[in-house]
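Number of protein chains: 2
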Amino acid sequence: MNMAKYKGDILELLYHNRSTYLSGQTIAERLAISRTAVWKTIELLKQQGFRVHSVQNKGYQLTGFPEEWDQDMMALIIKQSSYFKRRFVYKEVTSTQLVAKEKLLEIDEPFIVISEVQTAGRGRFNRSWDSQGTKGLWMTAVFRRDVPLQKMMSFNLFLSLAIAKTIRRMSGAEAKIKWPNDIYIDDRKCCGFLTEISGEAALIQNIICGIGINLNHEASDFQQDLAVKATSLKAATGHPVNRYQFLEELLIEIEAAFRQFLVLDFKDIKDEYGQYSNIWQRKLRYTEGTTVVEGVAVEILDDGRLVVQDEKGTLHHFMSADIEI
Amino acid sequence: MNMAKYKGDILELLYHNRSTYLSGQTIAERLAISRTAVWKTIELLKQQGFRVHSVQNKGYQLTGFPEEWDQDMMALIIKQSSYFKRRFVYKEVTSTQLVAKEKLLEIDEPFIVISEVQTAGRGRFNRSWDSQGTKGLWMTAVFRRDVPLQKMMSFNLFLSLAIAKTIRRMSGAEAKIKWPNDIYIDDRKCCGFLTEISGEAALIQNIICGIGINLNHEASDFQQDLAVKATSLKAATGHPVNRYQFLEELLIEIEAAFRQFLVLDFKDIKDEYGQYSNIWQRKLRYTEGTTVVEGVAVEILDDGRLVVQDEKGTLHHFMSADIEI
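First to last, the protein sequences are chains B and U. Under full-length UniProt numbering, the first residue of the first sequence is numbered 1, with each subsequent residue one higher. Under full-length UniProt numbering, the first residue of the second sequence is numbered 1, with each subsequent residue one higher.
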């Protein structure tokens, strides 16, 4: 008997009922299969790294997940998304962003690309991003929608708020946004993302958003110079996060942010965004192109630009500066 | 003797001195080759469709070009460009825009793609564009440069002005711009273009600009419903244009416009743009997304948006409307 065909369905039942126990009888009836098939499939799940707790007379409870991304769990999570239609899950790629850009040529629907390992992960300014397998979430989310060019300027602001909220909810850590779009905990970076776009000059058609989040790294996983600048949710709070639950929440949150982005202006979320910002009331160095300014951020404008006041009192406007914290 | 190797050099001398005659002796000396090689190469040029007029005791003059795009002439024209570094010339492609997007993945430099025929030429709103071989110019110009997203909104305005100017200079026809970026002569369209972009959300890296211009079509070349809406430089003026000279001038003009675009704002060219516009003082129908307005254009704003007043006096702002003329 090939149990792989029941795996997805049983996993779905166990995952959605993971706060309780489900009896073998209940599962068998719900799926109209034999109790033997249920039992064998649960053995298969265990072999594949799922932890299923079984208690006589109560039944089964899903209590743990494989260390590596599991294709069926991914299918289950994307099935719940009302926006993303397909997922591509890899053991190793150069970067999810590159894979997404290739897929883009063939696929019309919104999709996500996830990889256990990226051998050449890249952030803004072409900076490398250390993408250790199983400890983080390395994902590219591809949005397909006609968006007026001038609206795009606020996309990263909506998205960074969504990511910061997810991190707060899932870890309890006080995630902050370093304008425009890095996420910090305790002044150390735990998430970066890179949004790329393509389309017509006045109307963007594709948004390709690569997100890297350090989830379960130990502090000792960050080597040398990274150690003072990087953190993970676990390193910051002492508690690991469940990658699947995190991904599920993140997708819900970024879908919601995308829909907000389509109908709202940045000014509508400016106050909330401001409360998540970690750059207020401190002197920082801002670099945009060849402009370097040391100063204090005084305001984010309605269009998302940041206003920084230097020591002489001169105001500088930034669209997308690199800020050293 | 293989004369093909001298073709480019002799062509270059003849092309740059085409207002006069060059003796075989002069050509031979300038290129340090034999007079026999000069004579044989000129025979080759003639075989390939160039017209070279020769007069005893005066020498040679280039007076005509092959009907189809010639690779060596193209090399010569791109060699004069200070911006575009490479060219790709095809007999037939689906569209130069598609080819350019493929090349983009491998090539870092600015380049142009030209084809004699496009089997699936497309304009804005995915409208087909009839691309008859040898009668027009079907080209995609790829610009490579980091450009802040908010600057991109004016790109088409700078470019359309460059194209309109080239058409006026090369044909004498009073080319006008139908905002934002079609070129008309006598209320008939002779040129359309489509700008696509890709890059980061705040910083565009690639501008892929597809331009189609009807040059030497006869009025009778436009079938049925197109006949009342389309024209060519020749149909409008009665005179054919030299495709190579036109291309040379066009490249110079769009390079200049691109450099202007990088350092100026639209408001700096707004007055000149306004003088080229054919939409003033007439009631037209404007469609942008689901918005349809009948009204009269009253102003172009500094950021390139068009202000249209409807019959009730209400003002509407358009970023990139489709206008029926």
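Yeah, the Cβ is synthetic: ideal placement off N, Cα and C, and Gly gets one too. Owing to the predicted nature of the structure, the values given are computational and were not obtained by experimental measurement.
request  = Could you spell out where the beta strand (DSSP E) holding residue 357(U) opens and where it closes?
outcome  = Residue 357(U) is absent from the model: chain U starts at 1 and stops at 325.
ask   = Between Ala230(B) and Arg259(B), which are expected to be in contact by the criterion C-beta below 8 Å, what is the C-beta distance as a whole number of angstroms?
value = Against the first sequence, residue 230(B) aligns to sequence position 230. Against the first sequence, residue 259(B) aligns to sequence position 259. Rounded, the Cβ-Cβ distance is 31 Å, inconsistent with contact.
message = Do Val307(U) and Glu299(U) count as a contact pair if the criterion is CB distance below 8 Å?
response = The count along the second sequence starts at 1 and reaches residue 299(U) at position 299. The count along the second sequence starts at 1 and reaches residue 307(U) at position 307. The Cβ-Cβ distance between Glu299(U) and Val307(U) falls below 8 Å.
query = Can you give the Cα-Cα distance for Gly121(U) and Thr41(U), rounded to whole angstroms?
reply = Counted from its first residue, the second sequence places residue 121(U) at position 121. Counted from its first residue, the second sequence places residue 41(U) at position 41. When the Cα atoms are used, Gly121(U) and Thr41(U) turn out to be separated by approximately 36 Å.
task = Spatial neighbours of Arg87(U) within its chain, please: CB distance less than 6 Å, with the 5 preceding and 5 following residues excluded, ordered by chain position.
result = Taking the first residue of the second sequence as position 1, residue 87(U) is located at position 87. Met74, Ile78 and Ile112, listed in sequence order.
query = With Glu249(B) and Met170(B) assumed to form a contact (beta carbons below 8 Å), what rounded beta-carbon distance in angstroms separates them?
reply = Position 249 of the first sequence, counting from 1, holds the residue named residue 249(B). Position 170 of the first sequence, counting from 1, holds the residue named residue 170(B). With a contact defined as Cβ atoms closer than 8 Å, Glu249(B) and Met170(B) qualify at about 6 Å.
query = Helix, strand or coil for His239(U) per DSSP?
reply = Your numbering for residue 239(U) matches position 239 in the second sequence. Judged by DSSP in its simplified three-state form, His239(U) adopts coil rather than helix or strand.
task = Would you verify that the beta carbon of Ala297(U) is, or is not, closer than 8 Å to some beta carbon of chain B?
result = Locating residue 297(U) in the second sequence gives position 297, counting from the first residue. By this cut-off, Ala297(U) is not an interface position.
query = Tell me which same chain residues have a C-beta within less than 7 Å of the C-beta of Phe318(U), skipping the five on either side of it?
reply = The residue given as residue 318(U) occupies position 318 in the second sequence. In its chain, beyond the 5 residues on either side, Tyr286, Glu288, Arg305, Leu306 and Val308 have a beta carbon closer than 7 Å to the beta carbon of Phe318(U).
query = Of all Cβ atoms in chain B, is any one closer than 8 Å to the Cβ of Thr195(U)?
reply = Here residue 195(U) refers to the residue found at position 195 of the second sequence. At least one C-beta of chain B is nearer than 8 Å to the C-beta of Thr195(U).
task = Could you check how far apart the C-beta atoms of Asn216(B) and Lys135(B) are, in whole angstroms? I think they sit under 8 Å.
result = Position 216 of the first sequence, counted from the first residue, corresponds to residue 216(B). Position 135 of the first sequence, counted from the first residue, corresponds to residue 135(B). Asn216(B) to Lys135(B), Cβ: 5 Å. Contact.
task = Evaluate Gln275(B) with the Cβ neighbour count: other Cβ atoms within 10 Å of its Cβ, from every protein chain shown; 16 or more gives buried, anything less gives exposed.
result = Residue 275(B) sits at position 275 when you count from the first residue of the first sequence. Classification of Gln275(B): exposed, given that the 10 Å Cβ count is below 16.
inquiry  = Give the list of continuous beta strand (DSSP E) stretches no shorter than 3 residues that lie fully inside the region 120 to 208 of chain B.
reply    = The region 120 to 208 of chain B contains these whole beta strand (DSSP E) runs: 136 to 148, 176 to 178, 182 to 185 and 188 to 200.
request  = Within its chain, find whatever has a CB closer than 6 Å to the CB of His53(U); leave out the 5 residues flanking it on each side and keep chain order.
outcome  = In the second sequence, residue 53(U) corresponds to position 53, counting from 1. Spatial neighbours of His53(U) in its own chain (CB-CB distance under 6 Å, excluding positions within 5 residues in sequence) are listed in chain order as Gln61 and Thr63.
request  = Note down, in chain order, each residue of its chain lying with its Cβ closer than 7 Å to the Cβ of Asp303(U), except the 5 sequence neighbours on either side.
outcome  = Residue mapping note: residue 303(U) aligns to position 303 of the second sequence, counting from 1. The residues Met153 and Phe266, in chain order, have a CB closer than 7 Å to that of Asp303(U) in the same chain once the five nearest residues on each side in sequence are set aside.
query = Within 10 angstroms of its Cβ, does Thr19(U) collect 16 or more other Cβ (buried), or is it exposed?
reply = Here residue 19(U) refers to the residue found at position 19 when the second sequence is read from its first residue. Looking at the sequence shown, residue 19(U) is not Thr but Ser. It counts as exposed.
Assigned secondary structure, Leu264(U) (DSSP; H/G/I helix, E/B strand, else coil) = In the second sequence, residue 264(U) corresponds to position 264, counting from 1. Leu264(U) falls in the coil class under three-state DSSP.
message = Against Glu106(U), what residues of chain B qualify as contacts under a CB-to-CB distance less than 9 Å, listed in chain order?
response = Within the second sequence, the letter at position 106 stands for residue 106(U). Going along chain B, no residue has its Cβ under 9 Å from Glu106(U), so there is no contact; the nearest lies around 13 Å.
message = Strictly under 8 Å for the Cβ-Cβ distance: is Ser160(U) near chain B by that measure?
response = The residue labelled residue 160(U) in the question sits at position 160 within the second sequence. So, not an interface residue.
ask   = chain U partners of Met152(B), CB-CB under 8 Å?
value = Numbered from 1 along the first sequence, position 152 holds the residue referred to as residue 152(B). Leu149 and Ala201, listed in chain order.
ask   = Should Ala219(U) go down as buried or exposed, given a rule of 16 or more other Cβ atoms within 10 Å for buried?
value = The residue labelled residue 219(U) in the question sits at position 219 within the second sequence. Classification for Ala219(U): exposed.
task = Tell me whether the beta-carbon of Thr291(U) lies closer than 8 Å to the beta-carbon of Glu200(B).
result = Against the second sequence, residue 291(U) aligns to sequence position 291. Against the first sequence, residue 200(B) aligns to sequence position 200. No; because the gap between Cβ atoms is not below 8 Å, this pair is not in contact.
ask   = To which residues of the same chain is Leu76(U) closer than 8 Å at the C-beta, ignoring the five residues directly before and after it?
value = Stepping through the second sequence from its first residue, residue 76(U) is reached at position 76. These residues qualify, in order along the chain: Gly8, Leu11, Glu12 and Tyr15.
ask   = Can you name the start and end residues of the alpha helix (DSSP H) that Glu102(U) belongs to?
value = Here the question's residue 102(U) lines up with position 102 in the second sequence. Looking at the DSSP string, the run of the alpha helix (DSSP H) that includes Glu102(U) is Thr96 to Leu104.
task = Please report how far the alpha carbon of Leu262(B) lies from the alpha carbon of Asn126(B), in whole angstroms.
result = In the first sequence, residue 262(B) corresponds to position 262, counting from 1. In the first sequence, residue 126(B) corresponds to position 126, counting from 1. Cα to Cα, the separation comes out at about 28 Å.
ask   = In three-state DSSP terms, what is Asp72(B)?
value = Residue numbering aside, residue 72(B) sits at position 72 when the first sequence is read from its first letter. DSSP places Asp72(B) in helix when its eight states are reduced to three.
message = Tell me the rounded alpha-carbon separation between Cys191(U) and Asn181(U).
response = Translated into positions along the second sequence, residue 191(U) becomes position 191. Translated into positions along the second sequence, residue 181(U) becomes position 181. Between Cys191(U) and Asn181(U), the C-alpha separation is close to 9 Å.
ask   = Relative to chain B, which residues along the region 134 to 147 of chain U have a C-beta separation below 7 Å, given in chain order?
value = Taking 7 Å as the Cβ-Cβ cut-off against chain B, none of the residues of the region 134 to 147 of chain U qualify.
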